[in-house]
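Asks:
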Amino acid sequence: MTAAIPVLEVRDLQTHFPTSAGTVRAVDGVSFKVMPGETLGIVGESGSGKSMTALSVMRLLERPGYVAAGDILFRGTDVLAMRPAALRAMRGGDVAMVFQDPMTSLNPVLRIAKQMSEAMQVHGTGAADAGRRSVALLGRMGIQAPERAARSYPHQFSGGMRQRVVLAMGMSNEPALLLADEPTTALDVTIQAQILDLMRALNRDFGTAIVLISHDLGVIAGVCARVLVMYAGEVVEEGPTEQVLADPRHPYTWALMNAVPRMGTTAGGRLTTIEGMPPDPLAQPQGCRFAPRCPFRVAQCDVHPPLADMGAGRQSRCWVAAGGGHFQRPATAAMPRAVVPERPSNAQPLMQTRGLVKHFPVAGGFFGPKRVVHAVDGIDLDIYRGEVVGVVGESGCGKSTFGRTLMRLYKPDAGQILFDGTPIEGATQSAIRPMRRRMQMVFQDPYASLNPRMTVGETLGEPLRFHGITQDARATTARVRDLLGTVGLGANAADRYPHEFSGGQRQRVAIARALATQPDFIVADEPISALDVNIQAQIINLMM
């Protein structure tokens, strides 16, 4: 019998980004195969090279990035040698990619139906069939009133709903290979379960091979038969998902598993994190790249380890594991508990709402009836100083609108908002501006909330100077460096622009900006949804 040809084969892939300070090896010697109908997960911290691997496969790297070496084969055909016409036929047809940021994947001036139909018509589907299939796919994605949704524009959807539209577009041509980059990041658990069910159905019913990139180990466990663990541009462990998660053979995988929050953790408890930070991409360690953070380090770790065969379809890049070692939780003192402040009996709410209402009109055409979306409808809430209040609900239920209305980024249609006893529901923006030092917001979409023309240092320094927190350039630089360290980024990040970071790293910059003024009140809209479990734990510990 002839052996099956891999639907995707990547051999010794090396993706580089030249900078003024040197060359960043974003992907450094990555190899893997995906067989027809197989599901492969890729996990790792922000900036580990997960997304760059997928973008390299699709030949969608932004300049100055380029594939420096290696091979990428789709069904045996060299992707790196494909001419533009062949690439266009492959993308969206045989191979589809769902990107991490749904807003940049959708055209803001075209209705959803037009965009979805176009993706199918380019690959031979008739206009009428494409229109019907668009509505059906939106319904399968859990979007209410799919016919109306198809006539809508992207800005009329929440982040989670936009992600569902992008997923529908990716699945529309029933591709042989689906590359899904954080496809469930912006979704609530109910819709996340629906999307994962759909991906499993696509894999089962059509034999679509799936490469699922995620920082969520639970998502990987629910979909993928095999998993790659990446760190600092390299694959550090590979194997069957169930075995890798149950018995990690690399200290980094072990540390990621320990950083996953347990349901038994009570409010105020500290979460386990990985000590230290990932290495500077311009100054990688000569030996094991995880060694500076590894609790199991031995002398041999000063030599760079190979990705060694561990048997039973498993590989690990670790000298300790290669010598037969297993990883046990080291005996350490109990994690200190965060102090949950007690509320004085005479305490006044820091933020208070009464009957808060925010509606959005929906155009009904020249002769159609006027309709209204009831985004926020009569919310009463008291939030006290030092208190942490969670707001949960499905995508589109009004969570983000409520947060933005609290911050007076939206003007309420009715009701009261009092900040530290001062009514602000009717205040002008000039009156609210001085309060911004005490009120900050972390937005759901880090791609849209960071100015692409400002360096990270300028972005973090702006609120410090505007509110008079730092008086000179030296003090501003020092404070920016401290903020970057707080969110797990190196000091050299200050000189880089947002497009030079991964989605998770951009979210850390957005969190650092919110913390810059040491505010009394923060609205954090999905602040950790784009972050890996270790950085999630760091940020939660910081905010607590």
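For the sequence shown, our numbering assigns the number 1 to the initial residue and increments by one for each residue that follows.
The C-beta atom is built at its ideal place from N, Cα and C for all residues, glycine as well.
My parser needs the beta strand (DSSP E) runs of 3 or more residues fully inside the stretch 473–497; what are they?
Replies: Runs of the beta strand (DSSP E) inside the stretch 473–497: none found.
Asks: Note down the Cα distance separating F466 from V509, rounded to an integer number of angstroms.
Replies: Spanning the two alpha carbons is a distance of roughly 18 Å.
Asks: Exposed or buried, which one is T476 when buried takes at least 16 other CB atoms within 10 Å?
Replies: Counting Cβ neighbours within 10 Å, T476 comes out buried, since at least 16 surround it.
Asks: Could you tell me the distance, in whole angstroms, from the CA atom of N258 to the CA atom of T486?
Replies: The alpha-carbon atoms of N258 and T486 are separated by roughly 21 Å.
Asks: From the DSSP output, in three-state form, read off E237 for me.
Replies: The answer is strand: DSSP assigns E237 an E or B state.
Asks: Do the stretch 423–431 and the stretch 369–378 make contact, defined as three or more Cβ pairs closer than 8 Å?
Replies: Result no; under three Cβ-Cβ pairs closer than 8 Å.
Asks: The beta strand (DSSP E) with D12 in it runs from where to where?
Replies: 8–19 is the extent of the beta strand (DSSP E) around D12.
Asks: Where does Y252 land, buried or exposed, given buried means 16+ other C-beta within 10 angstroms?
Replies: It counts as buried.
Asks: I need the DSSP call for A448, collapsed to helix, strand or coil.
Replies: Helix at A448.
Asks: Keeping to the same chain, check which residues put their C-beta closer than 6 Å to that of V236; ignore five residues upstream and five downstream.
Replies: V229, H250, Y252, R317.
Asks: Would you mind giving the Cβ-Cβ distance between G233 and R25, rounded to the nearest angstrom? I have them listed as a contact below 8 Å.
Replies: That belief holds up - the Cβ atoms of G233 and R25 are roughly 5 Å apart, short of 8 Å.
Asks: So, under 8 Å CB-CB, V442 and A514 are touching, yes? Tell me the CB distance rounded to an integer number of Å.
Replies: With a Cβ gap of about 5 Å, V442 and A514 count as contacting.
Asks: Checking the sheet assignment: what are the DSSP bridge partners for F296?
Replies: Looking at the DSSP assignment, F296 forms no beta bridge with any residue, so it has no partner.
Asks: Report, in whole angstroms, the separation of the C-beta atoms of G37 and A209, which I expect to be a contact under 8 Å.
Replies: About 6 Å separates the two Cβ atoms, so the contact holds.
Asks: Count the other CB atoms within 10 Å of the CB of A516; is the residue buried (16 or more) or exposed (fewer)?
Replies: Flag for A516 reads buried.
Asks: Whose C-alpha, out of G355, A130, G239, is nearest the C-alpha of I220?
Replies: Considering only alpha carbons, the answer is G239.
Asks: Could you tell me which whole alpha helix (DSSP H) segments of length 4 or greater appear in the stretch 140–227?
Replies: List check, alpha helix (DSSP H) in window: 146–150, 159–171, 189–206, 217–223.
Asks: Could you pull out every residue in the same chain whose Cβ sits closer than 8 Å to the Cβ of Q121, ignoring the five residues on either side in sequence?
Replies: A127, A130, listed in sequence order.
Asks: Can you name, in chain order, every residue of its own chain whose Cβ lies under 8 Å from the Cβ of M90, other than the five neighbours on each side?
Replies: Around M90: F74, V79, M82.
Asks: In the DSSP assignment, the beta strand (DSSP E) including L73 goes from what residue to what residue?
Replies: From DSSP, the beta strand (DSSP E) with L73 extends over 66–74.
Asks: Go ahead and pull the three-state DSSP assignment for I5.
Replies: It is coil, neither helix nor strand.
Asks: Keeping to the same chain, check which residues put their C-beta closer than 8 Å to that of V391; ignore five residues upstream and five downstream.
Replies: Once the five neighbours on either side are set aside, the close Cβ partners of V391 are K399, F402, G403.
Asks: Going by other Cβ atoms of all chains shown within 10 Å of its Cβ, with 16 needed for buried, is P146 buried or exposed?
Replies: By the neighbour-count rule (16 or more Cβ atoms within 10 Å), P146 is buried.
Asks: Indicate whether V480 and L460 have their beta-carbon atoms separated by less than 8 Å.
Replies: Cβ distance < 8 Å, so V480 and L460 count as in contact.
Asks: Would you report the Cα separation of M52 and G415, rounded to the nearest angstrom?
Replies: Near 47 Å, if we compare the C-alpha coordinates of G415 and M52.
Asks: Can you list, in chain order, the residues of its chain whose CB lies under 6 Å from that of G93, leaving out five sequence neighbours each side?
Replies: Within the same chain, G93 has close Cβ partners H123, N173.
Asks: Leaving out the 5 sequence neighbours to the left and right, which residues in its chain are closer than 6 Å to P330 when beta-carbon positions are compared?
Replies: Bear in mind that the predicted position of P330 carries a pLDDT of just 45, short of 50, making it too unreliable to give a figure here.
Asks: Measuring only the C-alpha atoms, how far is G44 from S214?
Replies: Each residue's alpha carbon lies about 8 Å from the other.
Asks: Mark N346 as exposed unless 16 or more other C-beta atoms lie within 10 angstroms of its C-beta, in which case mark it buried.
Replies: Answer is exposed; the Cβ neighbour count stays below 16.
Asks: Can you tell which of A312, G313, I42, V298 has its C-alpha closest to the C-alpha of W319?
Replies: Looking at the Cα atoms, V298 is the closest of the given residues.
Asks: Using C-beta distances below 6 Å, list every residue in its chain close to T23, excluding the 5 sequence neighbours before and after it, in chain order.
Replies: These residues qualify, in order along the chain: H16.
Asks: Which of the three DSSP states is assigned to A537 in this structure?
Replies: DSSP places A537 in helix when its eight states are reduced to three.
Asks: Does the distance from the C-beta atom of L187 to that of S395 stay below 8 Å?
Replies: Their beta carbons are under 8 Å apart, which means L187 touches S395 by this criterion.
Asks: For I143, which residues from the same chain have a beta carbon less than 7 Å from its beta carbon, with the 5 sequence-adjacent residues on both sides left out?
Replies: For I143, where only same-chain residues beyond five positions count, the Cβ hits under 7 Å are A149, M161, R164.
Asks: Compute the Euclidean distance between the alpha carbons of P519 and R354, then round it to the nearest angstrom.
Replies: If I take the Cα positions, the gap works out to 23 Å.
Asks: Under DSSP, the alpha helix (DSSP H) around V391 begins and ends at which residues?
Replies: Unbroken run through V391: none, as it is neither H nor E.
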